[in-house]
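Start counting at 1 in the sequence shown, then tack on 49, and there's your number in this note's numbering.
Cβ atoms here follow ideal geometry from the backbone N, Cα and C, with glycine treated the same way.
Remarks on the structure that follows.
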Amino acid sequence: MEVFFSTLGALGVWLVALAVLALVVMGLLMPFAVFGIKPLLRVLIEEQRRNNRLLARQGLRDQGIEAGDVAGVATSKDDREPQTLQDFIRERGGHSP
């Protein structure tokens, strides 16, 4: 251990300690960031679905087709809760994505 301290010196030891402390703090805060972004992602998905509906309606209108309810055309297969990864894999026949 003395070789380690003598090679790095006091400043090197402090820099290594600060780097380790920064990694520990980031490791503690990362789960909060991941779980905190989920509601924002849901809002973004809903906005994307709304944009898809508007684009589909505009495309139908450009083709001279009456744009009724295009929600089924422009969105994913349903508007229920987002799929879990296990459900997605199960639907693909057990093959991972």
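- Bounds of the alpha helix (DSSP H) holding E95 are K87 to D111.
- The three-state reading of DSSP puts E115 in coil, since its state is none of H, G, I, E or B.
- The three-state reading of DSSP puts G142 in coil, since its state is none of H, G, I, E or B.
- Pairing L77 with V65 gives a Cβ-Cβ distance that is not under 8 Å.
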